[in-house]
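Engineer: Questions regarding the structure given below will be posed in turn.
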Amino acid sequence: MSEVIFKAQARVLKELAGKIDDFYLVGGTALSQFYFHHRQSLDLDFFTQEFSRQRVVEIIELLKKATAKDAKLIGENLSKSKVEIMVYSLKLSQKDSLKLDFVRDVLPLINPTMVVNGIKILSLEDIYLRKIYAVGGAIAQTDQVGRKITIGGRQEAKDLFDIYFLSHTFMRLSEFATKFCDSTRKEGLIRWFRTFDRAEMKTDLADIKTDKLVEFRAIDKHLAGEIDAILKKEIGL
């Protein structure tokens, strides 16, 4: 299955090269293909600062014509009160499909994008920030005492693995959070780490396809130290 999807990813990126300058590739695929080569990622995530349903449909129609494959809309949210997103499944065979996410980016860019083979790619800092945003919760609300808080947030092994690699290989999580995250984002990150299901995460981590497998215990220990460092900096110890 993986080889079929990887070939499809390469084909899609080739067909879109130079044609979607208003979008950039983010997420695990960008991190894996263009930086760390640390795990297999089986989807493509495209973000844009100016989201348009019509524009996404244009891109999908282009892909359908270029690849002679059908693409089905499998999920969307177009409410501006939430993150706008359209999710498509590009049918490759009876059993294989490639998931394509098109998302309105609600965060400013830290660094300019770079272009690789005609596709815009986010910097490591920008991928890092969006990973933290994904796990910490995307919707800001106000609690009973008027503090800003985040709700939601993913609890997936791929995010844990990516954040660990970013912290271990690129910039320690505590250093990155101090430099680029506000208090609300830090609180969301801390809550995510403290509340995700350890047993489930350990099981799901074993399913990640990688030649750089790291034991859950090592990941948990490393990130626990980083979370403690964030807390100490927040309270001034």
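So the sequence shown is numbered by the working numbering: it starts at 1 and just counts up by one.
Glycine included, each C-beta is placed from N, C-alpha and C at the ideal position.
These numbers come from a predicted model, not from an experiment.
#1: What are the boundary residues of the alpha helix (DSSP H) that M201 is part of?
#2: Less than 9 Å separating the beta-carbons of F23 and K120?
#3: Going straight from the alpha carbon of S2 to that of V26, what length do you get?
#4: What separation, rounded to the nearest whole angstrom, lies between the Cα atoms of K209 and R39?
#5: Considering only C-alpha positions, which residue in the set A218, E175, A68 and L13 is nearest to K233?
#6: If you follow the beta strand (DSSP E) that F102 is in, where does it begin and where does it stop?
#7: Is there contact here, the segment 63 to 73 with the segment 184 to 196, by at least three beta-carbon pairs under 8 Å?
#8: By a C-beta neighbour count over all protein chains shown, 10 Å radius and 16 as the cutoff for buried, is R217 buried or exposed?
#9: From R223 to S167, what does the alpha carbon distance come to, in whole angstroms?
#10: Give me the Cβ distance between L92 and V12, rounded to the nearest whole Å; I'm assuming they're in contact under 8 Å.
#11: According to DSSP, is I132 part of a helix, a strand, or is it coil?
#12: Could you work out which residue in V83, T113 and I110 is closest to D101 when comparing CA atoms only?
#13: Pick helix, strand or coil for A224, following the three-state DSSP scheme.
#14: Could you give the residue range of the beta strand (DSSP E) that holds K72?
#15: With DSSP as the reference, label V12 as helix, strand or coil.
Structural biologist: The relevant details are as follows:
#1: R198 to L205
#2: yes
#3: 19 Å
#4: 6 Å
#5: Nearest C-alpha to K233: E175.
#6: S97 to R104
#7: Cβ pair count under 8 Å is below three, so no.
#8: exposed
#9: As written in the sequence, residue 223 is Leu, which differs from the Arg given in the question. Rounded to the nearest angstrom, the two C-alpha atoms are 8 Å apart.
#10: 10 Å between Cβ atoms; not a contact.
#11: helix
#12: V83
#13: helix
#14: A71 to N77
#15: helix
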